[in-house]
Amino acid sequence: MQKVGFIGLGSIGSRMAKNIGRAGYELTVYDINAEAMNELEREGATKANHPKEVGERSNIVFLMVQNYSQCVSCLQGDEGLLEGLRNGIVIVSSTVSPDEVRAIEIMCREKRIKVLDAPVSGGTKGASGGTLTLMVSGGEEAYRQCLPILQKVGSRIIKVGHEEGLGQAMKAVNQHLVSIHLVSMAEAMVLGVKNGLDPEMIYEVIKNSAGNSWMFEDKVPGVLSRDFSPRSSLAIQHKDLNICLDMGNRTRSPLLLGSVCKEIYKLADARGLAGEDSSSVIKIYEEMAKIMVDKHHLLQDDVGNGSESGI
């Protein structure tokens, strides 16, 4: 059985790593958050002191950090993964641009390490249940070696191509839709409540109607309970949308809706919402409409100074 390493134990990565460990794989983990490693250690994983140690103890290593800069930091340097991993495979599940994952492939190839481009979708629920969708590209040999492990974290493993970067291109297409669906959720909920509809009733109707989306169904309950603790932060969604727009600019693909959404995310970032869940984009619309979308759906004028708007 392969020895697996996992670098990046955030809300998605920690759940993926747990499923790999529970499947019986010898698992070594690393994260700058010590408590995240301790939680995996309690389930039988080995904590590493740095990425190099993960490589020394593993044949296949997942990278699930926030961005390309963090990927490079984990790979390079005296304590980097590439100093410890020998003739292994790096699975890049971080969301980066196609060009960035190709740059990672070049770094790894120089050390005779293969790369599998394998971003994921499905949120914390999919990560917990092992039902993520994985968009995989890379060489067939690396894919075959990794497939049994990938099947422990996802129920839909889709090989989108042989060239590194195609997996990230597919993820960018997905994230473009996610960005638009989040903004349309915010607009629709505020529109309905502003016109006298009960927000819980709106949710029940839409999730059983043609206007539903995965993001609408997943995010509205948190809005109604005013729980904006980050399962996937607005900052990450903003970063992913920038990847989409850069890809569109490079290939001259018109992304009109994505460009509008970017301005809304920039405004949300300026309002200090970057660390909250991506659904907090609704607070921008609530502020403009002077209304709060929750179980009480109070107009701002009804709550005095407007502090209930959530901004």
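Residues in the sequence shown are numbered from 26 upward in steps of one, following our numbering.
Note that CB positions come from ideal geometry on N, CA and C, so glycine has one too.
query: With a cut-off of 9 Å, does the C-beta of A143 fall near any C-beta of chain B?
result: Within the model displayed, chain B is absent; a lone protein chain is all it includes.
Nearest-angstrom Cβ-Cβ length linking L141 and I116, presumed shorter than 8 Å: In this structure, L141 and I116 form a Cβ contact; the two beta carbons are roughly 5 Å apart against a cut-off of 8 Å.
query: What's the C-alpha gap between R137 and G155?
result: Roughly 30 Å separates the two Cα atoms.
- request: Return yes when the Cβ of S304 is within less than 9 Å of the Cβ of G247, no when it is not.
  value: Between G247 and S304, the gap from beta carbon to beta carbon is short of 9 Å.
- prompt: Does the beta-carbon of M195 have 16 or more other beta-carbons within 10 angstroms, so that it is buried, or is it exposed?
  reply: M195 sits buried, since 16 or more C-beta atoms from the chains shown fall within 10 Å of its C-beta.
query: Excluding five sequence neighbours on each side, which residues of the same chain lie with their C-beta closer than 6 Å to the C-beta of R251?
result: For R251, the CB contacts under 6 Å within the same chain, skipping 5 residues up- and downstream, are D319 in chain order.
message: When you compare the CB positions of V145 and S118, do they come within less than 9 Å of one another, or not?
response: Taking a C-beta distance under 9 Å as the contact criterion, V145 and S118 qualify as a contact pair.
query: Any contact of the stretch 215 to 233 with the stretch 289 to 306, i.e. 3+ C-beta pairs under 8 Å?
result: By the Cβ rule, the stretch 215 to 233 does not count as touching the stretch 289 to 306, because fewer than three pairs are nearer than 8 Å.
task: Counting only runs of 4+ residues fully inside the stretch 231 to 317, write out the alpha helix (DSSP H) ranges in chain order.
output: Correct list: 239 to 250, 259 to 276, 281 to 295 and 307 to 314.
message: Is it buried or exposed, S122, if we count other Cβ atoms within 10 angstroms and call 16 or more buried?
response: Counting the other Cβ atoms within 10 Å of the Cβ of S122 gives 16 or more, which makes it buried.
A235 classed as buried or exposed, judged by whether at least 16 other C-beta atoms fall within 10 angstroms: Exposed is the call here.
message: Please classify G179 as buried or exposed, where buried requires at least 16 other C-beta atoms within 10 Å of its C-beta.
response: Under a 10 Å Cβ-count criterion, G179 is classified as buried, with 16 or more other Cβ atoms of the shown protein chains found around its own Cβ.
task: Below 7 Å CB to CB, which residues in the same chain sit around V218 once its five sequence neighbours on both sides are set aside?
output: Within the same chain, V218 has close Cβ partners P224, I316, V318 and H322.
query: Is V215 buried or exposed, if buried means 16 or more other CB atoms sit within 10 Å of its CB?
result: For V215, the number of other beta carbons within 10 angstroms of its own is at least 16, and it is reported as buried.
- prompt: Under a Cβ-count criterion, where at least 16 other Cβ atoms within 10 Å of its own Cβ denotes burial, should L270 be classed as buried or exposed?
  reply: So L270 ends up on the buried side.
message: Here's the rule I'm using: 16 or more other beta-carbon atoms within 10 Å means buried, otherwise exposed. How should S254 be labelled?
response: By the 10 Å Cβ count, S254 comes out exposed.
- request: My understanding is that G46 touches A70, with C-beta atoms under 8 Å, so please give their C-beta distance in whole angstroms.
  value: In this structure, G46 and A70 form a Cβ contact; the two beta carbons are roughly 5 Å apart against a cut-off of 8 Å.
- prompt: Would the beta-carbon of Y50 fall within 9 Å of that of M89?
  reply: No, the Cβ-Cβ distance between Y50 and M89 is not below 9 Å.
field: Helix, strand or coil at I336 [DSSP, three-state]
entry: Here the model assigns I336 a pLDDT of 45, short of 50, so the residue's position is not dependable, and the following value carries that caveat. Of the three classes helix, strand and coil, the one that applies to I336 here is coil, per DSSP.
- prompt: How is M62 classed by DSSP in three states: helix, strand or coil?
  reply: Here M62 sits in helix by DSSP.
- prompt: If you check the beta carbons only, do Q91 and K291 fall under 9 Å apart?
  reply: In this structure, K291 does not lie closer than 9 Å to Q91 by Cβ.
message: I'd like the list of long-range same chain contacts for L159, defined as Cβ closer than 6 Å, with 5 residues on each side in sequence excluded.
response: Closer than 6 Å at Cβ, skipping near neighbours: A143, V145, L175, G179 and I182.
query: With respect to the alpha helix (DSSP H) encompassing K184, which residues constitute its N-terminal and C-terminal limits?
result: For K184, no alpha helix (DSSP H) segment is defined; the enclosing uninterrupted segment is the beta strand (DSSP E) at G179 to G186.
query: Given that a residue counts as buried once 16 or more other Cβ atoms are within 10 Å of its Cβ, and exposed if not, what is V198?
result: That one is exposed.
message: With H, G and I counted as helix, E and B as strand and the rest as coil, what does DSSP make of I129?
response: Reduced to three states, the DSSP call for I129 is helix.
query: So who's on the other strand from I114, going by DSSP bridges?
result: Answer by DSSP bridge pairing, in chain order: I85 and K139.
Opening and closing residue of the alpha helix (DSSP H) in which S153 lies: Per DSSP, S153 is one residue of the alpha helix (DSSP H) stretching across G148 to G154.
message: To the nearest angstrom, how far is the alpha carbon of C96 from that of R127?
response: Pairing C96 with R127, the inter-Cα distance amounts to about 12 Å.
message: Using only the alpha-carbon positions, how far apart do A152 and L34 sit?
response: One C-alpha to the other measures close to 12 Å.
query: Cα-Cα, which of A260, S278, E66 and G147 is closest to D294?
result: Taking the Cα of D294 as reference, the smallest distance to any Cα among A260, S278, E66 and G147 is reached at A260.
message: Spatial neighbours of A211 within its chain, please: C-beta separation below 6 Å, excluding the five flanking residues on both sides.
response: A distance below 6 Å between beta-carbons, with the five flanking residues on each side excluded, links A211 to the following residues of its chain, in chain order: V306, I307 and Y310.
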